[in-house]
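Presented below is the structure to which this report refers.
There are 2 protein chains.
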Amino acid sequence: MVRKRRPTQIDIARAAGVSPAVVSLVINDRANGKIRISSQTQDRVWQVVRDLDYVPNLAARQLAGGRNHLLGVFTFDSAFPVDYNNFYYPFLVGIEQMAETLRYDLMLFTRTSGEDGSRRIYRDGTNALQVADGSILLGGTDDRAELSRLKSDGYPFVYVGRRELDGEQLTYVGADYVSASTEIVEYVASHGHTRSLLMGPSCRNESSHDREQGFRVGLERLGRRDTDDSIVRIDHEIPGEQLEAWLDDGITAFIAESVTTAFRLIELGKVLGKSVPADFSVAALGNTGNASDDVPWITTFQIPRREMGAGAVQLLHQILSNPANPPNLQQFLACRLQPGETVGPVRS
Amino acid sequence: MVRKRRPTQIDIARAAGVSPAVVSLVINDRANGKIRISSQTQDRVWQVVRDLDYVPNLAARQLAGGRNHLLGVFTFDSAFPVDYNNFYYPFLVGIEQMAETLRYDLMLFTRTSGEDGSRRIYRDGTNALQVADGSILLGGTDDRAELSRLKSDGYPFVYVGRRELDGEQLTYVGADYVSASTEIVEYVASHGHTRSLLMGPSCRNESSHDREQGFRVGLERLGRRDTDDSIVRIDHEIPGEQLEAWLDDGITAFIAESVTTAFRLIELGKVLGKSVPADFSVAALGNTGNASDDVPWITTFQIPRREMGAGAVQLLHQILSNPANPPNLQQFLACRLQPGETVGPVRS
DNA sequence: ACTCTGGGCTAATACGCATTAGCTAATTCG
DNA sequence: CGAATTAGCTAATGCGTATTAGCCCAGAGT
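Chains as they are written, first to last, in my numbering: chain W, 483 to 830; chain D, 483 to 830.
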């Protein structure tokens, strides 16, 4: 079986007895205002298109400066194959729904550089994303050079999550971690806690910074001064003695940057015979765990992941629709407080 | 910021003081045999490529008949991400690993037609897959017209799972369900069972047919005759009386096409006070459930999903590498028997 | 001196489409 | 009735690349 040459616009034109330009115009519905094609001709073209099973060549379309209505999705953290258990799942749901609404097709990219298993956009001197009109980026990367290159290439992309490059904000849809973290601090304080401790990893990214800032804002609003003493960054397991020391020192509430850390604290407390929230309170700054173990009894706030995904697509669409060169856009979505059951009154 | 025009091969050529053709030849490493480029010139070109941050345009590359080294992955069952079903996970893992090995980039396509939520390749008169050199297809579709069109378009694709079109075999990597099912039948018989019942849904696809054929082959080898009585196809829940009737009728072993059905039978047995394998035996024709609940205690066979995914990529690679028009290729992988604990001796 | 060979390159073309300047015939206007 | 307008279309060009026929030149062979 010979690999048949697919019909092109020229074939259509010939069959319909018109010029190739007309075919393009009709197919792209450009027969408006300035340019006019009689509706009979349009019908004839469409008829031939159907008869010949014509499908436009997306590569040619893109090359000629048109759009192929494909959006790429790239995650730096390995999210492929996607599993509903994955942290990124809700983002993807939002992305897909909005893409469907705006009639875009989606391509989830995956490419791992063989050596270190890290994911990168550019490889073998090639950027696979560019077959799409624009892309949504997810997850963290250490390699800011890639983003930098993508940006200087003028490739349209939107990040899910706040992301800055050389001090300049990129286009993104972020969660308002600052306000949400402040809210948590105030919520904890409203239960009578006057000494709290922020715990997080030493490796920092934008969202970690935002959380810390929210924490600081909260303390400030409450008129507290001992902020420096109230932030701890460790990566290793927390020793039991450490926790006891903190408690002895008068700390009554722990605010963990991640749910995971919050869990650990609670478990550690159990080992020491302390229970939450009777003996001490714990809150997390966002439901950062897997989608599947979304535990409502933990005091935290909910990251609007679906909405963020959808928002990113909208933003990208907006950028693509605007022929002018858009500025960097930022959009923040509010997080919802999830009271849970791990924050209680101070033990008297 | 102006959307910068990216450097093209012409820019490289100018900067390196050579013709554009040389740039293309060097970049694609075509300077061999007939065509020769001095290594100094090659070095010079590469240097300029690096200096100017040149990245080839994949659309142009594809249009010009080259390859862009992208493989598509399309699933008819929605694997991305709504109603995600883990069943496909191992396939995707295999695909990703082999793609990595062969240095292909992967794109997971997703597109749902808005109306009925079904997934289709062609939409809005466009075939998104074609931006990739070729594609791997997963999952079942009722709409054979899509496959037919894809094939007549000459688009290179490989199915994971046996798939035929108008009686003709497509290119695929399948599991040898026939042999495996036969093996199960013989395994069951080796425990003394002489009357078994094949249970499956009425909606049939290729793999269902293969399983039934394997069942028949097994019976034939054992010299049994009552095949007609031994196959039941129902979609609704099995009533308790039905199960009892079968048992009273002398059926001692149930062979379910899916693990789900096997589960149901066991549960139903429990309700009736019967236990497996003491009162009756149950086996399934393949670990068809989600990857997450892979239960080793069920007697079944294991579908080599990872290997199938990898095999599909290899096959596709082979097709793409062969400039001639390849015939349809089929590849079958063996399934491994998983004895489990649900088949025992006949109750005397 | 003349052809032959082959290395190293260039010019030209095609891929399939979108876009735009203009062209022609029909219609309207003054 | 000539000029201006407009509807409906065509011709030409460019997008960035791969491919191929063929050109030029140096050296070898006779």
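Cβ coordinates follow ideal geometry from the N, Cα and C atoms, glycine included.
In this text, all values refer to a predicted model and were calculated from it rather than measured experimentally.
Would you say Glu719 of chain D faces chain W, with C-beta separation under 8 Å as the test?
Sequence index remark: in the second sequence, residue 719 of chain D carries index 237 (1-based). Chain W, which has no Cβ nearer than 8 Å to the Cβ of Glu719 of chain D, makes this no.
Is Tyr669 of chain W helix, strand or coil when you go by DSSP?
Locating residue 669 of chain W in the first sequence gives position 187, where the first residue counts as 1. Of the three classes helix, strand and coil, the one that applies to Tyr669 of chain W here is helix, per DSSP.
What are the start and end residues of the beta strand (DSSP E) that includes Val714 of chain W?
For the purposes of this step, residue 714 of chain W is identified with residue 232 of the first sequence, where counting begins at 1. It spans 713 to 715 - the beta strand (DSSP E) in which Val714 of chain W sits, taken as one unbroken run.
Secondary structure at Gly477 of chain W, three-state DSSP: helix, strand or coil?
Outside the shown range of chain W (483 to 830) lies residue 477 of chain W, about which nothing can therefore be said.
Determine the direct distance from the alpha carbon of Asn550 of chain D to that of Arg543 of chain D, and round the result to whole angstroms.
In the second sequence, residue 543 of chain D corresponds to position 61, counting from 1. In the second sequence, residue 550 of chain D corresponds to position 68, counting from 1. Spanning the two alpha carbons is a distance of roughly 7 Å.
Just to make sure I have the definition right: I need the residues of chain D whose C-beta is within less than 8 Å of the C-beta of Leu545 of chain W. Which are they?
Locating residue 545 of chain W in the first sequence gives position 63, counting from the first residue. Asn539, Ala541, Ala542, Leu545, listed in chain order.
Mapping DSSP to helix, strand and coil, what is Gly607 of chain D?
If you number the second sequence from 1, residue 607 of chain D lands on position 125. DSSP places Gly607 of chain D in coil when its eight states are reduced to three.
How close, in whole Å, do the beta carbons of Leu819 of chain W and Glu665 of chain W come, if the pair is a contact with beta carbons under 8 Å?
The residue given as residue 819 of chain W occupies position 337 in the first sequence. The residue given as residue 665 of chain W occupies position 183 in the first sequence. About 6 Å separates the two Cβ atoms, so the contact holds.
Entirely within the stretch 673 to 735 of chain W and at least 3 residues each: give me those beta strand (DSSP E) ranges in chain order.
Counting only runs of 3 or more, we get 678 to 682, 713 to 715.
Distance, Cα to Cα, Pro563 of chain D vs Met589 of chain W?
For the purposes of this step, residue 563 of chain D is taken as residue 81 along the second sequence, with counting starting at 1. For the purposes of this step, residue 589 of chain W is taken as residue 107 along the first sequence, with counting starting at 1. In this predicted model, Pro563 of chain D has a pLDDT of only 41, less than 50, meaning its place in the structure is not dependable enough to derive any value.
Any beta carbon from chain W within less than 8 Å of Val505 of chain D's own beta carbon?
As a first step, residue 505 of chain D is located in the second sequence; it is residue number 23 there, counting from the start. It does not: the Cβ of Val505 of chain D has no partner Cβ on chain W nearer than 8 Å.
Just how far apart, CA to CA, sit Gly755 of chain W and Leu725 of chain W?
For the purposes of this step, residue 755 of chain W is taken as the residue at position 273 of the first sequence. For the purposes of this step, residue 725 of chain W is taken as the residue at position 243 of the first sequence. Spanning the two alpha carbons is a distance of roughly 12 Å.
Using the C-alpha atoms, what's the distance from Gly791 of chain D back to Phe573 of chain D?
To locate residue 573 of chain D, count along the second sequence from 1; it is residue 91. To locate residue 791 of chain D, count along the second sequence from 1; it is residue 309. Cα to Cα, the separation comes out at about 5 Å.
For the alpha helix (DSSP H) containing Ser634 of chain D, list its first residue and its last residue.
Counted from its first residue, the second sequence places residue 634 of chain D at position 152. 626 to 634 is the extent of the alpha helix (DSSP H) around Ser634 of chain D.
With DSSP as the reference, label Ile517 of chain D as helix, strand or coil.
Working through the second sequence from its first residue, we reach residue 517 of chain D at position 35. Three-state DSSP puts Ile517 of chain D in coil, outside helix and strand.
Whose C-alpha, out of D:Tyr586, D:Ala610, D:Leu584, D:Thr782, is nearest the C-alpha of Asp587 of chain W?
Taking the first sequence and counting its residues from 1, the one referred to as residue 587 of chain W is at position 105. With distances taken between Cα atoms, Asp587 of chain W lies closest to D:Ala610.
When you compare each of W:Arg698, W:Gly515, W:Val642 to Leu620 of chain W by their alpha carbons, which one comes out closest?
Translated into positions along the first sequence, residue 620 of chain W becomes position 138. Answer by Cα proximity: W:Val642.
So that I know if they touch, is there some Cβ in chain W lying closer than 8 Å to that of Gln612 of chain D?
As a working mapping, residue 612 of chain D is identified with position 130 in the second sequence. So, interface residue.
Whose C-alpha, out of W:His673, W:Tyr637, W:Leu797, W:His691, is nearest the C-alpha of Thr781 of chain W?
The residue labelled residue 781 of chain W in the question sits at position 299 within the first sequence. The candidate whose alpha carbon is nearest that of Thr781 of chain W is W:His673.
Do Leu811 of chain W and Leu797 of chain W have their C-beta atoms within less than 8 Å of each other?
Counted from its first residue, the first sequence places residue 811 of chain W at position 329. Counted from its first residue, the first sequence places residue 797 of chain W at position 315. Their beta carbons are under 8 Å apart, which means Leu811 of chain W touches Leu797 of chain W by this criterion.
Is there a Cβ from chain W that is less than 8 Å from the Cβ of Phe591 of chain D?
Stepping through the second sequence from its first residue, residue 591 of chain D is reached at position 109. Interface residue, yes.
Kindly give me the distance between the Cβ atoms of Ala470 of chain D and Thr824 of chain D, rounded to whole angstroms, as I take these residues to be in contact under 8 Å.
Absent from the model: residue 470 of chain D. The displayed extent of chain D is 483 to 830, so no value can be given.
Answer yes or no: do Asp648 of chain D and Leu553 of chain D have a C-beta to C-beta separation smaller than 8 Å?
Within the second sequence, the letter at position 166 stands for residue 648 of chain D. Within the second sequence, the letter at position 71 stands for residue 553 of chain D. No; because the gap between Cβ atoms is not below 8 Å, this pair is not in contact.
Does Thr770 of chain D come within less than 8 Å of chain W when only Cβ atoms are used?
Within the second sequence, residue 770 of chain D is the residue found at index 288, counting from 1. No, its Cβ sits nowhere closer than 8 Å to a Cβ of chain W.
Report back the beta-carbon spacing between Phe527 of chain D and Val504 of chain D to the nearest angstrom; my notes put them in contact at under 8 Å.
Locating residue 527 of chain D in the second sequence gives position 45, where the first residue counts as 1. Locating residue 504 of chain D in the second sequence gives position 22, where the first residue counts as 1. Checking the sequence shown, residue 527 of chain D turns out to be Val, not Phe. Indeed, because the Cβ distance is near 7 Å, the residues count as touching under 8 Å.
Here's the rule: buried if 16 or more other CB atoms are within 10 angstroms of the residue's CB, otherwise exposed. What is Asp658 of chain W?
Taking the first sequence and counting its residues from 1, the one referred to as residue 658 of chain W is at position 176. It counts as buried.
The alpha helix (DSSP H) with Val555 of chain W in it runs from where to where?
As a first step, residue 555 of chain W is located in the first sequence; it is residue number 73 there, counting from the start. Taken as a continuous stretch (DSSP letters only), Val555 of chain W belongs to no alpha helix (DSSP H), being part of the beta strand (DSSP E) at 552 to 557.
Would you tell me roughly how many angstroms separate the C-alpha atoms of Glu434 of chain D and Glu628 of chain D, rounded to the nearest one?
With chain D covering 483 to 830 only, the question about residue 434 of chain D has no answer from this structure.
Pull up the DSSP beta-bridge partners for Phe783 of chain D, would you.
If you number the second sequence from 1, residue 783 of chain D lands on position 301. In DSSP, Phe783 of chain D forms a bridge with D:Leu819.
Short check: CB of Ser663 of chain W to CB of Gly696 of chain W, under 8 Å?
Walking along the first sequence from the start, residue 663 of chain W turns up at place 181. Walking along the first sequence from the start, residue 696 of chain W turns up at place 214. In this structure, Gly696 of chain W lies closer than 8 Å to Ser663 of chain W by Cβ.
To which residues does DSSP link Gly656 of chain W through a beta bridge?
If you number the first sequence from 1, residue 656 of chain W lands on position 174. Looking at the DSSP assignment, Gly656 of chain W forms a beta bridge with W:Phe814.
What whole-angstrom Cβ distance do Ile733 of chain D and Ser689 of chain D have, given they're in contact under 8 Å?
Taking the first residue of the second sequence as position 1, residue 733 of chain D is located at position 251. Taking the first residue of the second sequence as position 1, residue 689 of chain D is located at position 207. Going by Cβ atoms, the distance from Ile733 of chain D to Ser689 of chain D rounds to 24 Å, so no, they are not a contact pair.
Taking the straight line between their C-alpha atoms, what separation do you get for Phe591 of chain W and Asp606 of chain D?
If you number the first sequence from 1, residue 591 of chain W lands on position 109. If you number the second sequence from 1, residue 606 of chain D lands on position 124. Taking the straight line joining both Cα atoms gives about 23 Å.
Against chain D, with Cβ distances strictly below 8 Å, would Arg488 of chain W count as a contact?
For the purposes of this step, residue 488 of chain W is taken as residue 6 along the first sequence, with counting starting at 1. Cβ-Cβ to chain D under 8 Å: yes for Arg488 of chain W.
On the CB-based measure, 16 or more other CB atoms within 10 Å of its CB, does Glu719 of chain D come out buried or exposed?
One-based indexing of the second sequence puts residue 719 of chain D at position 237. Result: exposed.
Assuming Glu789 of chain W contacts Leu767 of chain W (C-beta within less than 8 Å), just tell me the rounded distance between them.
Counting from one through the first sequence, the residue named residue 789 of chain W turns up at place 307. Counting from one through the first sequence, the residue named residue 767 of chain W turns up at place 285. Incorrect: roughly 18 Å between the Cβ atoms, too far for contact.
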